[in-house]
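S.K.:
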Amino acid sequence: MQSAGLEAFAPRHAGLDIQQNSAPSLPRANSRKHSAVYDYLQRSSWDGFSFFRSKDADRDVSYLSDLSTKGTRSHRHRSLDSELDAVKEENLKDRVSVSQSTGVDRLRFSLLSSRFDSSIQVANIEELLIHDGPFHDIANGEVRDGVWWLDVTSPSKEEVETLSRIFNIHPLTTEDIMTEEPREKTELFEKYYFLSLTLSQLSDKGSDHRPSNMYAIVFRNGILSFSFSDNPHTANVRRRIKNLKSHLNVTSDWICYALIDDIVDGFETLVHEAERELVAIEDNYAIARPDDVGWVLRQIHECRKKVSGARHLLGGKVDVIRSFARRCDERYSITPSSELGLYLSDIQDHVVTMMTSLIQFEQILARVHATLLARLSVDSTRTGSMTIKFLSKISVIAAILVPMQVITGLFGMNTPVPGGSTNGLEWWFGILGVIGTLVVVSLIIARMAKFI
Numbered sequence: 001m002q003s004a005g006l007e008a009f010a011p012r013h014a015g016l017d018i019q020q021n022s023a024p025s026l027p028r029a030n031s032r033k034h035s036a037v038y039d040y041l042q043r044s045s046w047d048g049f050s051f052f053r054s055k056d057a058d059r060d061v062s063y064l065s066d067l068s069t070k071g072t073r074s075h076r077h078r079s080l081d082s083e084l085d086a087v088k089e090e091n092l093k094d095r096v097s098v099s100q101s102t103g104v105d106r107l108r109f110s111l112l113s114s115r116f117d118s119s120i121q122v123a124n125i126e127e128l129l130i131h132d133g134p135f136h137d138i139a140n141g142e143v144r145d146g147v148w149w150l151d152v153t154s155p156s157k158e159e160v161e162t163l164s165r166i167f168n169i170h171p172l173t174t175e176d177i178m179t180e181e182p183r184e185k186t187e188l189f190e191k192y193y194f195l196s197l198t199l200s201q202l203s204d205k206g207s208d209h210r211p212s213n214m215y216a217i218v219f220r221n222g223i224l225s226f227s228f229s230d231n232p233h234t235a236n237v238r239r240r241i242k243n244l245k246s247h248l249n250v251t252s253d254w255i256c257y258a259l260i261d262d263i264v265d266g267f268e269t270l271v272h273e274a275e276r277e278l279v280a281i282e283d284n285y286a287i288a289r290p291d292d293v294g295w296v297l298r299q300i301h302e303c304r305k306k307v308s309g310a311r312h313l314l315g316g317k318v319d320v321i322r323s324f325a326r327r328c329d330e331r332y333s334i335t336p337s338s339e340l341g342l343y344l345s346d347i348q349d350h351v352v353t354m355m356t357s358l359i360q361f362e363q364i365l366a367r368v369h370a371t372l373l374a375r376l377s378v379d380s381t382r383t384g385s386m387t388i389k390f391l392s393k394i395s396v397i398a399a400i401l402v403p404m405q406v407i408t409g410l411f412g413m414n415t416p417v418p419g420g421s422t423n424g425l426e427w428w429f430g431i432l433g434v435i436g437t438l439v440v441v442s443l444i445i446a447r448m449a450k451f452i
């Protein structure tokens, strides 16, 4: 891999202008790419430059210059390098201690290399540059026989631009990462191939809660990954590499496969959760009371929303993995190895299996939803019919009793009526008997006519 070196990032003897009783000047950038990163470090107030800005710089460099007059040129270089390394190590310890005490800075940069056992985790790119060994060798293209992996979480635009210029990333790839391109895809470039995959976790950036993506730039000897939300995938892959590196040849293509595999495995949680909700819905909808139908319908809506969302996220991965596997068969220097196709076929089968399960879940939910809607319609019709019957009975009774008020109204007037001059109760019982007889006869007729 040909990439821009980092000679201008950390202060070295080649870039110092050492004079007697004078402070050294900052190292000059050798190219436009070096100058961009150099300017970024100066704007960021990198602690590595504080050595040159301190009041003791004149004394330290004068001391080194006095030593150089008594020794050889190589001895002067070794003394200067050791002094600068001590300053870098002290600055790094100060930054790490501040981060641990305040808890403000997260360890967003993680560098893993086959040249050392443990990974380097720092909070920002300045601390990564202080580590003078692994990252400088990687950026200068000196790693030939090993593999490295730099993972960045929630990078800023300046950090993406800096890493893009260090590793000679194409502007289109840089733009996709900086704009958080949501489309899943795989692209082949001259020195690397680019992969974009959607995660199962939702982004906590902003209020839209859209799915977040992971972007991987795979070189022949290394991989550079970016993600904009906290996720367990990179930690899972690092743990997997640690467990398998004793009997497995870990390459950049294999790390890319492991990332894809872990991202796809992350959707199993959604599938299992949807399956559990589906089983609960199937157990409850048949015995649900009419008052609980609305609650069951809401549960079905939420479950269908999860299933359709998982199908949408997994649907794009089928095409991406198929295209990625097709790249493995091409005979270019930067394309993935053909052995990776065997692993990708397993991932593709896994995705197809989950897609099939989600399709079945959606069909079952659609059937249950239709059954509940039909049941709700039948219950509504039954309730309406009962209401109509009740109102018809009330109407018949009212039609029978209202005419009887005419009789009571006539005999209640202040006018001469039949039997008004008598003192007995014969007329009263007679009128009451006539009213009762008419009511009974009317009810019998209404009953025979099935009005009530």
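Residue numbers for the sequence shown, in full-length UniProt numbering: 1 to 452.
Yeah, the Cβ is synthetic: ideal placement off N, Cα and C, and Gly gets one too.
(1) For Leu443, name the three-state secondary structure that DSSP assigns.
(2) Can you tell which of Met214, Asp230 and Arg106 has the C-alpha that lies nearest to the C-alpha of Leu224?
(3) Starting from residue 454, follow its DSSP beta bridges and name the residues at the other end.
(4) Buried or exposed: where does Thr269 fall if 16 or more other Cβ atoms within 10 Å of its Cβ makes it buried?
(5) With 16 as the cutoff for other CB atoms within 10 Å, does Leu344 come out buried or exposed?
(6) Taking 8 Å as the cut-off, decide whether the C-beta atoms of Ile260 and Ile281 are in contact.
(7) Any idea what DSSP makes of Val434, helix, strand or coil?
(8) Just checking, does the segment 295-309 make contact with the segment 356-370 on the three C-beta pairs under 8 Å criterion?
(9) Does the pairing of the segment 270-277 with the segment 351-363 give three or more beta-carbon distances under 8 Å?
(10) I'd like the list of long-range same chain contacts for Gly325, defined as Cβ closer than 6 Å, with 5 residues on each side in sequence excluded.
(11) Check whether the segment 170-188 touches the segment 238-245, counting contact only when three or more Cβ pairs, one atom from each stretch, lie closer than 8 Å.
(12) Sorted by chain position, which residues of the same chain lie with C-beta nearer than 6 Å to Ile177's C-beta, five sequence neighbours on each side aside?
(13) Apart from the five residues just before and just after Met386, which ones in its own chain have a Cβ nearer than 7 Å to its Cβ?
(14) Considering only the alpha carbon of each residue, which of Asn231, Arg327, Glu184 and Asp349 lies closest to His312?
(15) According to DSSP, is Asp346 part of a helix, a strand, or is it coil?
(16) Output the distance between the C-alpha atoms of Pro24 and Arg106, rounded to the nearest integer angstrom.
(17) In whole angstroms, give me the CA-to-CA distance for Gly316 and Ala288.
(18) Three-state secondary structure (DSSP) at Lys389?
(19) Quick one: what's got a C-beta closer than 8 Å to Val434's C-beta in the same chain, skipping five residues either side?
(20) For Pro155, does the count of other Cβ atoms within 10 angstroms reach 16, so buried, or fall short, so exposed?
(21) Below 6 Å CB to CB, which residues in the same chain sit around Leu444 once its five sequence neighbours on both sides are set aside?
(22) Going by beta-carbon coordinates alone, are Val279 and Leu314 separated by less than 8 Å?
(23) Would you mind stating whether Gln121 and Phe135 have Cβ atoms separated by less than 8 Å?
(24) Taking Cβ to Cβ, would you say Ser212 is nearer than 8 Å to Ser229?
(25) Got a sec? Which residues, its chain only, sit under 7 Å from Ser119 by beta carbon, not counting five neighbours each side?
(26) Quick one: complete alpha helix (DSSP H) runs, 4+ long, within the segment 151-194?
M.R.: Taking the coordinates as given:
(1) helix
(2) Met214
(3) In the structure as shown, the chain starts at 1 and stops at 452, and residue 454 therefore has no counterpart that could be examined.
(4) exposed
(5) buried
(6) no
(7) helix
(8) yes
(9) yes
(10) What sits at residue 325 in the sequence shown is Ala, not Gly. Hits under 6 Å: Gly341 and Leu344.
(11) no
(12) Val160, Tyr215 and Phe226
(13) none
(14) Glu184
(15) helix
(16) Note that Pro24 scores a pLDDT of 36, beneath 50, so its modelled location is shaky and nothing firm can be said.
(17) 38 Å
(18) helix
(19) Ile407
(20) buried
(21) For clarity, residue 444 is Ile in the given sequence; the question names Leu instead. Nothing listed; no residue qualifies.
(22) no
(23) no
(24) yes
(25) Ser110, Leu111, Leu112 and Arg238
(26) 157-166 and 171-178
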